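J.: Before we start, here is the structure in question, set down as C-alpha cells.
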Amino acid sequence: MMSATVVGNLSVSRVSADIFQNAPSPYLEPAKARQFAVNHGCAWFDSNLIDALAKMRAGHGPAALHITGSPIQPAAGPTPGTLDPLPTIPAPDDQYSGEACLLGLAYHLGIPYGYSREHKGAAIQQVVAMPGRQGVQSSEGSDTALGFHTESSFAETRPDFLLLACRREGPVQIPTLVLDVHELLDRISSWAASALMRPIFSVRSPASFGEPSFLSTDTHVIDVKAGEAGLRLDLEGLLESKDETGKAALTELFASIASAGTPVLLSEGDILIIDNRRAAHARPAFKAIFDGQQRWLQRCLVRAEFWTCRSAMKAEGVKILAPG
Ligand SMILES: O=C(O)CCC(=O)C(=O)O
Ligand SMILES: [Fe+2]
Numbered sequence: 001m002m003s004a005t006v007v008g009n010l011s012v013s014r015v016s017a018d019i020f021q022n023a024p025s026p027y028l029e030p031a032k033a034r035q036f037a038v039n040h041g042c043a044w045f046d047s048n049l050i051d052a053l054a055k056m057r058a059g060h061g062p063a064a065l066h067i068t069g070s071p072i073q074p075a076a077g078p079t080p081g082t083l084d085p086l087p088t089i090p091a092p093d094d095q096y097s098g099e100a101c102l103l104g105l106a107y108h109l110g111i112p113y114g115y116s117r118e119h120k121g122a123a124i125q126q127v128v129a130m131p132g133r134q135g136v137q138s139s140e141g142s143d144t145a146l147g148f149h150t151e152s153s154f155a156e157t158r159p160d161f162l163l164l165a166c167r168r169e170g171p172v173q174i175p176t177l178v179l180d181v182h183e184l185l186d187r188i189s190s191w192a193a194s195a196l197m198r199p200i201f202s203v204r205s206p207a208s209f210g211e212p213s214f215l216s217t218d219t220h221v222i223d224v225k226a227g228e229a230g231l232r233l234d235l236e237g238l239l240e241s242k243d244e245t246g247k248a249a250l251t252e253l254f255a256s257i258a259s260a261g262t263p264v265l266l267s268e269g270d271i272l273i274i275d276n277r278r279a280a281h282a283r284p285a286f287k288a289i290f291d292g293q294q295r296w297l298q299r300c301l302v303r304a305e306f307w308t309c310r311s312a313m314k315a316e317g318v319k320i321l322a323p324g
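Under the UniProt record's numbering, the first residue of the sequence shown is numbered 1, with each subsequent residue one higher.
Pasting the structure below:
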C-alpha cells in the first residue's frame with residue numbers, strides 16, 4: 001500500500017483578533033518586530049498547538065501541519081508588488097498580524113531568518129506571482145509549475161521549517177503540495193532509494209538567488225540515520241549527478257513524483273508548517289491576474305540553531321532576526 005503524505009490539521013481556539021493590532025513592521029522596524037514577537041507572538045497559542053509544535057521539533061508525527069483559527073486580519077491593502085513591476089513590501093498602514101503570527105511560531109520553533117540574496121534578506125517574505133516572471137520556476141512564477149523541492153537545499157544553512165501564511169486566496173484557490181520522505185520512498189524502487197542515499201549528487205541555488213549561483217557537491221537526496229530518513233530534494237536541473245547511477249536514480253525519482261503529494265488548500269488566515277528536514281513542497285501552474293487581489297502567501301524560514309552550520313553562514317548570506 002502506498003503511504004500518502006499525512007498533513008496534520010489543527011484548529012486553534014479563537015482569541016481576540018485585535019491582539020496584533022499594534023504589531024510593528026518587520027520590514028521597517030525589524031528590532032521592534034522581533035521584540036514584539038518574542039513578547040506577544042505566542043499570545044494566540046493553545047495547549048494543542050504547543051504540543052503539536054513540540055512534536056514537530058522532535059521530528060515526530062506528520063511532516064506538515066495545517067493551522068486554522070489564527071488571529072491574522074484580512075489584508076488591508078492590495079497584494080504587494082502586483083500593480084508595480086517591482087516587488088514591494090506591505091504598506092505601512094498594514095496591521096502586520098500575519099508577520100506577528102509567523103514570527104511567534106518561528107521563535108517557538110527556533111530562529112527566523114532570510115538570505116541577503118533572496119527577498120533582500122527580509123525575515124518575512126512575500127510569495128506572490130509577479131508580472132513578467134510567469135515562466136520562472138520560483139515563488140514569483142505562475143504559468144509554470146514549481147516542482148517538488150526542500151527549501152534552499154543547496155545551502156548548509158537550509159531551514160528546518162518553512163512557515164506559510166495565506167493572506168489572500170486569489171480568485172481560485174491554488175494548493176501547496178506536500179510530499180514526505182515516506183511517500184517518496186514508497187514511489188521509487190529500492191535500487192533508486194539506495195542510490196539516492198549515496199553522496200553522489202550536487203545542488204545549485206535557484207533563480208531566486210540570482211547569479212552567480214551557489215553549488216553544494218557530494219550531497220545525499222535521502223539521508224537515513226538511526227532508521228529515520230531525511231530529505232534534500234530540488235528541482236530537475238538544480239539537483240544533478242555526474243555519476244551514471246545517480247543520473248538514472250534521478251530520472252526515476254522525477255518521473256515517480258510528478259503527480260505525488262498531498263494538496264493543502266490554504267484559506268485566508270491559515271498557516272502551513274512544513275518540516276523541511278522530512279518533506280518537500282511544490283505548487284502547480286496557475287493563471288495569475290495581476291489585479292492586486294491575487295494569491296498572496298507570507299513565508300518565514302526557521303532554523304532550530306546556527307551552530308552546526310556556522311562555517312557557511314557568512315558565505316550564504318544568512319540574515320538572522322536576532323538581538324543585535
Ligand atoms: O506557492 C506555494 O504554495 C509554495 C511556494 C514555495 O515553494 C515557497 O515559497 O517556498
Ligand atoms: Fe519553496
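Beta carbons are placed, not taken as given, at the ideal position from N, Cα and C, and that holds for glycine.
Treat the numbers as computed from the prediction; the structure is a model and nothing was measured.
What span of residues does the alpha helix (DSSP H) with P30 cover, start to end?
T.: On the sequence shown, position 30 is the one that residue 30 refers to. Counting along the chain, the alpha helix (DSSP H) containing P30 begins and ends at P30 to H40.
J.: Could you please give the first and the last residue of the uninterrupted alpha helix (DSSP H) stretch that includes N48?
T.: Taking the first residue of the sequence shown as position 1, residue 48 is located at position 48. Unbroken alpha helix (DSSP H) run through N48: S47 to R57.
J.: Is the beta carbon of S70 sitting closer than 8 angstroms to the one on I271?
T.: Walking along the sequence shown from the start, residue 70 turns up at place 70. Walking along the sequence shown from the start, residue 271 turns up at place 271. The answer is yes: Cβ separation under 8 angstroms.
J.: Taking the straight line between their C-alpha atoms, what separation do you get for I72 and L235?
T.: Within the sequence shown, residue 72 is the residue found at index 72, counting from 1. Within the sequence shown, residue 235 is the residue found at index 235, counting from 1. Rounded to the nearest angstrom, the two C-alpha atoms are 32 angstroms apart.
J.: Could you tell me which residues DSSP pairs with G230 in its beta bridges?
T.: If you number the sequence shown from 1, residue 230 lands on position 230. Note: G230 sits in a beta bridge opposite D223.
J.: Do F232 and T219 have their C-beta atoms within less than 8 angstroms of each other?
T.: Sequence index remark: in the sequence shown, residue 232 carries index 232 (1-based). Sequence index remark: in the sequence shown, residue 219 carries index 219 (1-based). The identity of residue 232 in the sequence shown is Arg, whereas the question assumes Phe. In this structure, T219 lies closer than 8 angstroms to R232 by Cβ.
J.: Determine the closest residue to G110 out of R117, A123 and G98, with distance taken between C-alpha atoms.
T.: As a position in the sequence shown, residue 110 is number 110, starting the count at 1. Comparing Cα-Cα distances from G110 to each of R117, A123 and G98, the minimum goes to A123.
J.: Is L297 a contact residue of ligand 1, with contact defined as CB to any heavy atom under 7 angstroms?
T.: Taking the sequence shown and counting its residues from 1, the one referred to as residue 297 is at position 297. Yes; taking the cut-off as 7 angstroms, the Cβ of L297 has a heavy atom of ligand 1 nearer than that.
J.: Could you please give the first and the last residue of the uninterrupted beta strand (DSSP E) stretch that includes C166?
T.: Position 166 of the sequence shown, counting from 1, holds the residue named residue 166. Segment F161 to R168, the beta strand (DSSP E) holding C166.
J.: On the DSSP letters alone, give me the boundaries of the beta strand (DSSP E) that Y115 sits inside.
T.: Locating residue 115 in the sequence shown gives position 115, counting from the first residue. Run containing Y115: I111 to Y115, per the beta strand (DSSP E) assignment.
J.: Using the Cβ count rule (16 or more neighbours within 10 Å means buried), how would you classify A249?
T.: The sequence position of residue 249 within the sequence shown is 249, counting from 1. Buried is the call here.
J.: Considering only their Cβ atoms, is the gap separating L146 from R303 smaller than 8 angstroms?
T.: Within the sequence shown, numbered from 1, the residue matching residue 303 stands at position 303. Within the sequence shown, numbered from 1, the residue matching residue 146 stands at position 146. It is not a contact, given that the beta carbons lie outside the stated cut-off.
J.: Comparing C-alpha positions only, which one of T157, Q137, A23 and P112 sits nearest to D93?
T.: Against the sequence shown, residue 93 aligns to sequence position 93. Nearest of T157, Q137, A23 and P112 to D93, Cα basis: A23.
J.: Verify the contact flag: T176, CB atom, against every heavy atom of ligand 1, threshold strictly below 7 angstroms.
T.: Here the question's residue 176 lines up with position 176 in the sequence shown. Answer for T176: yes, Cβ within range of ligand 1.
J.: Who are the near neighbours of W307 in its chain, counting only those whose CB is closer than 8 angstroms to its CB and skipping five residues on each side?
T.: The count along the sequence shown starts at 1 and reaches residue 307 at position 307. So no residue of the chain qualifies.
J.: Assess contact between the segment 34 to 50 and the segment 238 to 248, defined as three or more Cβ pairs (one per stretch) separated by less than 8 angstroms. Is contact present?
T.: No, the segment 34 to 50 does not touch the segment 238 to 248.
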